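In terms of this note's numbering, the sequence shown opens at residue 140 and continues consecutively. Before any comments, here is the structure.
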Amino acid sequence: MEFRDSTAEVEFRNEVRGFLEAEYPPAMSEGRTEWGLFNASGMRGREYYDFLGGWTKKLNGRGWGAPAWPKEHGGGGLSVKEQFILSEEFAWKRAPRPGGIGHGWAGPTIMVAGTEEQKERYLPRIISGEDQWCQLFSEPGAGSDLASLQTRAIRDGDDYVVNGQKIWTSGAHRSDMGILIARTDADAPKHRGISYFLVDMKTPGISVRPLVNMLSSHEFNEVYFEDVRIPADALLGEENRGWYLAATTLDFERSGIATSVAHQLIVRDLVAWAKESVESQLVANPGLRTELAERAIEAQVEALISYRIISMQERGEIPNKESSIAKLYSSELDVRLAVTGMHLSGMFGQLENREDPRGLGGRLARFYLHSTTSPIGGGTSEIQRNIIATRGLGLPRA
Ligand SMILES: Cc1cc2nc3c(=O)[nH]c(=O)nc-3n(C[C@H](O)[C@H](O)[C@H](O)COP(=O)(O)OP(=O)(O)OC[C@H]3O[C@@H](n4cnc5c(N)ncnc54)[C@H](O)[C@@H]3O)c2cc1C
Numbered sequence: 140m141e142f143r144d145s146t147a148e149v150e151f152r153n154e155v156r157g158f159l160e161a162e163y164p165p166a167m168s169e170g171r172t173e174w175g176l177f178n179a180s181g182m183r184g185r186e187y188y189d190f191l192g193g194w195t196k197k198l199n200g201r202g203w204g205a206p207a208w209p210k211e212h213g214g215g216g217l218s219v220k221e222q223f224i225l226s227e228e229f230a231w232k233r234a235p236r237p238g239g240i241g242h243g244w245a246g247p248t249i250m251v252a253g254t255e256e257q258k259e260r261y262l263p264r265i266i267s268g269e270d271q272w273c274q275l276f277s278e279p280g281a282g283s284d285l286a287s288l289q290t291r292a293i294r295d296g297d298d299y300v301v302n303g304q305k306i307w308t309s310g311a312h313r314s315d316m317g318i319l320i321a322r323t324d325a326d327a328p329k330h331r332g333i334s335y336f337l338v339d340m341k342t343p344g345i346s347v348r349p350l351v352n353m354l355s356s357h358e359f360n361e362v363y364f365e366d367v368r369i370p371a372d373a374l375l376g377e378e379n380r381g382w383y384l385a386a387t388t389l390d391f392e393r394s395g396i397a398t399s400v401a402h403q404l405i406v407r408d409l410v411a412w413a414k415e416s417v418e419s420q421l422v423a424n425p426g427l428r429t430e431l432a433e434r435a436i437e438a439q440v441e442a443l444i445s446y447r448i449i450s451m452q453e454r455g456e457i458p459n460k461e462s463s464i465a466k467l468y469s470s471e472l473d474v475r476l477a478v479t480g481m482h483l484s485g486m487f488g489q490l491e492n493r494e495d496p497r498g499l500g501g502r503l504a505r506f507y508l509h510s511t512t513s514p515i516g517g518g519t520s521e522i523q524r525n526i527i528a529t530r531g532l533g534l535p536r537a
């Protein structure tokens, strides 16, 4: 891997930096920051979504709203390295980028498996931000072992009739559309009887019930399907081939560099706070210097793992066990970093008040609580280790 940018890449990086300098208010990247990737701006509620609408338009004007998507579908058609540079520069500024299930999953899957009519109907609305999407995969009895899902979709004339329950559906309460996997053949081996649907969340019979997490935040939901009739043209790809669509990693933007930068920024914030705060435990516990240094090094290691993924993608290879290594390392670093922050801040780390600098404006408390979800969402750490063991080390399956 060539770590240095080529001349053209330097130019592109400068273009991105120039755009962010001109368009992204410094007060937002420095003053009101929140830790973690989602909405790092620190804006909340309506204010954030209003900002995001205008911001998305500005990014789309340059093809940066969906940089990995081909130009024919309204994306930027950027090279792998350009996408990487864009992610990196945006992350350093803590500037939000349109993303989520629509951009990362639904759109790319529709591009690969959709009919022309499906592409025309859904892709422009993802790019414009008109449609928000959610992912209706996990069920109470099917998370890691997703292929055991029980939600049924039975063909009835021109419709499928769906019954069942999904769980942990992030953002379902503000989504217009959902990607749904459901069982269409109960007699087939479990991976071969699943189909993939594009579902309008306003369809009668769908009810969304909030699940409030321990941050008192409503992020995910239970979603119930009771005799929900969805049209047959909501099927994506072939009937009973949905598992293979769901299992394909289509999101090529996920190099992990943005998370690595976010971690480096958290280390930087912690160090700055430790230097200037009488509440810091650094003097009382000099070993914390080593602990902070370890986290700083780990955030750099995480960046190198991202470079490995990006160099594979540049060669046209599809990362497999490498993605599991990146996911495992990054989500466990989230937890270690939050714990180090707590060691450093002592009892003050528990303060949630956004105005109280002694608890880093509550960022640490929120980050600590939220970090517990990282080794679970998107595939648990145990599952990543299983993948590394079998595909990476060649060990037999248990
Ligand atoms: C913040 C967050 C957001 C989420 N958003 C969504 C969403 O939008 N849409 C969606 O569909 N889902 C979503 N999920 C669900 C997520 O995909 C599941 O929680 C995850 O796949 C784990 O499944 P589970 O919760 O059923 O746990 P289980 O699979 O029941 O696992 C329980 C424990 O057993 C371990 N385990 C299970 N199988 C094995 C094995 N074979 N070997 C070793 N250990 C094993 C697991 O690692 C875990 O520790 C979200 C989860 C979180 C935390």
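Note that CB positions come from ideal geometry on N, CA and C, so glycine has one too. Model, not experiment: these values are computed from the prediction.
Query: CB of Ser463 within 8 Å of CB of Ile527, strictly; Result: yes
Query: At least 3 beta-carbon pairs within less than 8 Å: the region 229-241 vs the region 276-288; Result: no
Query: Delimiting residues of the alpha helix (DSSP H) encompassing Lys460; Result: 460-484
Query: Close beta carbons around Phe229, own chain, < 6 Å, minus the five adjacent residues each side; Result: Arg236
Query: Completely contained beta strand (DSSP E) runs for the region 356-425, where each covers 3 or more residues; Result: 357-370
Query: Reduced DSSP category for Asp189 - H, G, I as helix; E, B as strand; rest coil; Result: helix
Query: Gln222 classed as buried or exposed, judged by whether at least 16 other C-beta atoms fall within 10 angstroms; Result: buried
Query: Leu275 CB to nearest heavy atom of ligand 3 below 7 Å; Result: As for ligand 3, it is missing from this structure, which binds only ligand 1.
Query: Option in Trp272, Ser394, Leu319, Val300 with minimal Cα separation from Ile444; Result: Ser394
Query: Cβ-Cβ distance between Gly317 and Asp324 below 8 Å; Result: no
Query: Identity of the residue in Arg156, Arg313, Tyr335 nearest Trp244 by Cα; Result: Tyr335
Query: Span separating the alpha-carbon of Val155 from that of Arg407; Result: 23 Å
Query: Ile449 versus Gly488 - alpha carbon distance; Result: 36 Å
Query: For Ser334, the residue or residues it bridges with in DSSP; Result: Ala321
Query: C-alpha distance - Lys232 paired with Leu198, whole-angstrom precision; Result: 15 Å
Query: beta-carbon Asn379 near ligand 1 non-hydrogen atom, thresh 7 Å; Result: no
Query: Collapsed DSSP secondary structure at Asn302 in the structure displayed; Result: strand
Query: For Gly485 and Arg530, the rounded distance between their alpha carbons; Result: 41 Å
Query: Of the residues Arg143, Phe364, Lys258, the one placed nearest Val300, counting alpha carbons only; Result: Phe364
Query: Status (buried if at least 16 other CB within 10 Å, exposed otherwise) for Asp473; Result: buried
Query: Alpha helix (DSSP H) runs contained entirely in the region 228-257, provided each spans 4 or more residues; Result: 246-252
Query: Rounded straight-line distance, which links the Cα of Tyr383 to that of Ile224; Result: 31 Å
Query: Segment contact flag, the region 290-304 with the region 368-377, C-beta cutoff 8 Å, min 3 pairs; Result: yes
Query: Rounded Cβ spacing between Ser520 and Ile396 (contact assumed at less than 8 Å); Result: So it is not a contact: roughly 21 Å between Cβ atoms.
Query: Residue environment, Gly170, which counts as buried when at least 16 other CB atoms sit within 10 Å; Result: Low per-residue confidence applies at Gly170: pLDDT is 49, beneath 50, and the placement is therefore not dependable, though the value from the model is reported in the following sentence. Flag for Gly170 reads exposed.
Query: Spatial distance of Ile265 from Trp272 (CA atoms); Result: 8 Å
Query: Glu361 beta carbon near ligand 1 (any heavy atom closer than 7 Å); Result: no
Query: Minimum C-alpha distance to Leu483 - residue among Trp203, Lys414, Ser510, Asp315; Result: Lys414
Query: Three-state secondary structure (DSSP) of Leu534; Result: coil
Query: Residue range of the alpha helix (DSSP H) that includes Ile293; Result: Premise fails: Ile293 lies in the beta strand (DSSP E), 291-295, not in any alpha helix (DSSP H).
Query: Distance between Ala435 and Leu176 (C-alpha atoms, nearest Å); Result: Because Leu176 carries a pLDDT of 49, less than 50, the predicted location of this residue cannot be relied on, and the following value inherits that uncertainty. Approximately 18 Å between the Cα atoms of the pair.
Query: Extent of the continuous alpha helix (DSSP H) to which Ser346 belongs; Result: Note, Ser346: premise wrong, no alpha helix (DSSP H); beta strand (DSSP E) at 345-351.
Query: Met451 - DSSP class collapsed to helix/strand/coil; Result: helix
Query: Contact test: Ser462 Cβ vs ligand 1 heavy atom, cutoff 7 Å; Result: no
Query: Top-ranked residue by Cα proximity to Ser470, from Gly310, Ser513, Ser309; Result: Ser513
Query: As assigned by DSSP and simplified to three states, the class of Trp208; Result: coil
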